[in-house]
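Letter by letter, the sequence shown follows residues 166 to 278 in this note's numbering. Every residue, glycine too, gets a C-beta built ideally from N, C-alpha and C. These figures come from a predicted structure and were not determined experimentally. Heads up: the structure comes next, in structure tokens.
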Amino acid sequence: MVLIYWCMALPTRVGVGTAWSVGLMLDVLYGSMLGENALAKSLIAFLAVRFHLQLRMFPRWQQAVVVLLLVILNNLLVLWIKAPRWPGAVHLGLSHAEHCQHAPLAMAVRDPA
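Below, the structure written as structure tokens:
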């Protein structure tokens with residue numbers, strides 16, 4: 166939400182590049198696949214910068230609804246990126262790189278024969 170605020174308040178200084186950098190730092194901090202949060206934050210920042218003039222004209226409650234929708238979109242993008250990539254995968258709450266390491270284990274659990 167802080168990123169959305171600054172993208173709306175100072176769109177010439179805080180934008181997609183800043184969002185990508187923040188997302189990349191979050192990826193390193195969380196130990197997730199590089200680019201997960203960077204992609205999601207970049208898209209959210211793009212939408213906030215693109216529509217910042219229209220959003221400023223909205224009443225506060227409508228701005229709050231838009232910010233809520235942007236936060237939900239961010240969370241959905243991150244979840245979509247973290248989803249398992251192969252059929253029959255056992256989702257263990259791991260990142261994609263960790264899933265790739267455990268692919269034979271997941272297949273063995275599914276087909277014990």
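Secondary structure within the region 216 to 242: the alpha helix (DSSP H) runs of 4 or more consecutive residues, fully enclosed, are 217 to 222 (chain order).
When V232, A213, Q228 and F223 are compared, the shortest CA-CA separation from T177 is found for A213. The three-state secondary structure of L191, taken from DSSP, is helix. Straight across, the Cα-Cα distance linking L242 with A210 is about 13 Å.
I246 places its beta carbon less than 7 Å from that of E201.
Here M166 carries a coil assignment [DSSP, helix/strand/coil]. Note that the C-beta distance between M166 and H217 is not below 7 Å.
Leaving aside the five residues that flank A248 on each side, none in its chain has a CB nearer than 7 Å to its CB.
The three-state reading of DSSP puts G182 in helix, counting H, G and I together.
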